[in-house]
Amino acid sequence: MNCGNHPDPSAYAVIMAGGKGERFWPLSTSRRPKQLLALAGGKPLIVQAVERLAGVVPPERMVIVTNASLVAPIRELLGEGSPVGVLGEPVGRDTAAAVAVGAAWVRRRDPEGVFCVMTADHIIGNLPVFRNTLQQGMALCAANDVLMTIGIEPAEPSSAYGYIEAGEAWTSAGEIDFFQVRRFVEKPDADTARTYLATGRYAWNSGMFVWSVRSIQNAFEKFRPVLAERLAAWSACGGDKELQAALDRDFEGLEKISIDYAVMEKADNIVMCKGAFEWDDVGSWPALQSHLPADGQGNATKGDVAAFGSSGNIVVSEGRLTALVGVSHLVVVQAEGVTLVCDKDRSQDIKGLLAELRLQQNRDRIL
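If you're matching positions, the sequence shown starts at 139 in the numbering used here and goes up one per residue.
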């Protein structure tokens with residue numbers, strides 16, 4: 139397996155892009171979710187997800203698995219003539235089903251292929267290190283029957299992420315150490331997270347994976363035989379149109395379960411590395427603050443914004459001026475004909491607000 143600057147002919151990528159991005163409402167809506175937005179970096183997150191794989195996987199060996207309603211918008215963002223595959227799920231069935239779709243797409247092209255599983259809505263920096271991590275992981279997964287996950291060295295004792303505990307050293311390649319995985323743990327409380335960091339054994343669970351078609355097929359056969367059967371049937375489809383028709387027919391009957399619960403927490407051939415690149419899942423408005431330009435009072439802004447006697451706010455304005463006077467520690471967003479004003483410490487409650495709005499009449503256009 140090649141670990142240089144040129145893509146290996148057996149390397150593929152599956153990009154999961156089915157999230158709703160509700161925590162970024164009203165900028166993110168069901169018609170224009172987070173992964174389609176240029177939150178940071180100047181380009182839509184889905185476009186960044188494709189471009190950062192340059193030199194690892196060529197675009198014709200990438201497939202995006204998304205909501206059926208987002209297939210056309212994503213193709214438009216990628217540009218006319220883009221060779222990247224785009225498949226739509228008629229209903230959401232979580233990440234295990236999305237991985238099975240991607241595995242079928244790869245298997246139809248190369249039964250001996252190796253592929254990475256990426257998410258479309260993360261921000262990643264230090265791309266040379268990121269790409270080297272993927273290339274080394276793909277080389278190891280091509281030669282070994284393992285399921286690899288990429289952990290992130292914790293920057294702080296966060297309770298916002300699940301954690302992976304590293305076990306015994308497995309191997310090293312390209313200045314990257316790989317470990318056996320002892321266990322996956324759910325999002326801990328703050329005290330437990332501090333304990334994890336003190337051991338030096340734990341990493342944040344990034345939701346990024348690498349494995350061969352054969353290894354993930356074997357794992358599905360062992361732990362989720364229905365998905366294994368669907369994977370095999372989908373991979374026999376004659377092309378992407380036939381595969382899409384099969385997904386439209388089969389998807390609603392599938393179990394809704396994450397790849398972590400379905401496979402990763404059960405398998406005994408899991409290995410991990412700690413990604414030494416910059417990573418942020420940007421899971422909330424406060425998480426976006428460090429990626430936006432700030433004024434002298436610590437107001438992080440995007441769009442037409444004026445702030446007077448105000449500090450520590452996050453302000454995003456689409457199309458018209460948003461002005462603040464004498465306020466602090468707020469999230470203020472003006473988009474899609476909606477204005478949101480929210481205490482930064484309550485930003486996780488936006489999902490609760492959306493649940494209430496769904497119960498009201500004539501709110502569909504803003505959700």
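Just so you know, even glycine gets a beta-carbon here, dropped at the ideal spot from N, CA and C.
Review point. How would you write the range of the alpha helix (DSSP H) that Trp243 sits in, first residue to last?
Key: Asp232 to Arg247
**Study point:** One or two residues paired with Gln318 in a DSSP bridge
**Key:** Val409
Exercise for review: Could you check which residue in Cys411, Asn437, Gly230 and Ala370 has the C-alpha nearest to that of Glu390?
Suggested key: Gly230
Practice item. Can you tell me which of the three DSSP states Asn437 falls into? Key: coil
Exercise for review: Please report how far the alpha carbon of Ala383 lies from the alpha carbon of Asp248, in whole angstroms.
Suggested key: 21 angstroms
Practice item. Kindly identify the DSSP beta-bridge partner or partners of Glu227. Key: Asn205
**Study point:** Own chain partners of Arg332 with C-beta closer than 7 angstroms, once the 5 adjacent residues on each side are dropped
**Key:** Pro295
Exercise for review: For my contact list, Asn343 and Gly305 are in at a C-beta cut-off of 8 angstroms; report their separation, rounded to the angstrom.
Suggested key: 15 angstroms between Cβ atoms; not a contact.
Point to revise | At least three beta-carbon pairs within less than 8 angstroms, the stretch 281–296 to the stretch 425–443 | key: no
Practice item. State the CB to CB distance for the pair Leu285 and Trp349, rounded to an integer number of angstroms; the pair is presumed to be in contact (CB under 8 angstroms). Key: 5 angstroms
**Study point:** Residue from Asp259, Arg161, Phe446 and Val237 whose Cα sits closest to the Cα of Val188
**Key:** Asp259
**Study point:** Residues bridged to Trp308 [DSSP beta-bridge criterion]
**Key:** Looking at the DSSP assignment, Trp308 forms no beta bridge with any residue, so it has no partner.
Check your understanding: Taking just the CA atoms, how far does Ala242 sit from Met340?
Key -> Residue identity check: residue 340 is Tyr in the sequence provided, not Met. Their Cα atoms are separated by approximately 32 angstroms.
**Study point:** Chain-order list of residues whose beta-carbon lies under 6 angstroms from that of Arg269 (same chain, five-residue window excluded)
**Key:** Gly193 and Val194
Practice item. Specify the secondary structure class of Ile504 as computed by DSSP and reduced to three states. Key: helix
Practice item. Give a yes or no on contact between the stretch 202–209 and the stretch 222–236, applying the rule of three or more CB pairs nearer than 8 angstroms. Key: yes
Exercise for review: Examine chain B for any beta-carbon lying closer than 9 angstroms to the beta-carbon of Glu306, and answer yes or no.
Suggested key: Of the protein chains in the structure, only one exists, and it is not chain B.
**Study point:** Member of Gly450, Val463, Glu474 and Phe446 whose CA lies at the smallest distance from the CA of Glu456
**Key:** Glu474
Exercise for review: Kindly give me the distance between the Cβ atoms of Phe358 and Ala238, rounded to whole angstroms, as I take these residues to be in contact under 8 angstroms.
Suggested key: 7 angstroms
Practice item. Tell me whether Cys375 sits in a helix, a strand or coil according to DSSP, three-state version. Key: coil
Practice item. Please check the pair Ala277 and Met154, which I expect to be a contact at CB under 8 angstroms, by giving their CB distance rounded to whole angstroms. Key: Actually they do not touch by this definition, with Cβ atoms about 23 angstroms apart.
Point to revise | Residue interval of the alpha helix (DSSP H) (run including Leu392) | key: Leu392 -> no alpha helix (DSSP H), and no H or E assigned at all.
Exercise for review: Could you please give the first and the last residue of the uninterrupted beta strand (DSSP E) stretch that includes Gly289?
Suggested key: Leu285 to Ile290
Check your understanding: For Asn143, does the count of other Cβ atoms within 10 angstroms reach 16, so buried, or fall short, so exposed?
Key -> With a pLDDT of 49 at Asn143, under the threshold of 50, the modelled position of this residue cannot be trusted, and the question is left open.
Practice item. Report all residues from its chain with a CB closer than 6 angstroms to the CB of Arg362; omit the five preceding and five following residues, and keep chain order. Key: Ala400
Check your understanding: Straight-line CA distance for Lys394 to Lys172?
Key -> 22 angstroms
Exercise for review: Within the same chain, show all residues whose beta-carbon is closer than 7 angstroms to that of Gly157, passing over the 5 residues directly before and after it, in chain order.
Suggested key: Pro171, Lys172, Gln173 and Asp259
Check your understanding: Excluding the five sequence neighbours on either side, which residues of its own chain have a C-beta within less than 8 angstroms of the C-beta of Ile504, listed in chain order?
Key -> Pro164, Thr167, Glu474, Gly475, Val476 and Leu495
Check your understanding: Thinking C-alpha only, which one of Ile261, Asp327 and Cys279 is nearest Lys309?
Key -> First, the residue type needs correcting, since residue 309 is Thr and not Lys in the sequence shown. Looking at the Cα atoms, Cys279 is the closest of the given residues.
Practice item. In the DSSP assignment, find the alpha helix (DSSP H) that holds Arg352 and state where it starts and stops. Key: Val351 to Phe361
Review point. Is Pro266 buried or exposed, if buried means 16 or more other CB atoms sit within 10 Å of its CB?
Key: exposed
Review point. Which partner residues of Glu303 appear in the DSSP bridge assignment?
Key: Arg321 and Tyr340
Review point. Assuming Asp433 and Ala425 make a contact with CB atoms under 8 angstroms, what is their CB distance in whole Å?
Key: Going by Cβ atoms, the distance from Asp433 to Ala425 rounds to 19 angstroms, so no, they are not a contact pair.
**Study point:** Coil, strand or helix - Arg458 by DSSP
**Key:** strand
Point to revise | Rounded separation between Ala234 and Lys360 - CA only | key: 14 angstroms
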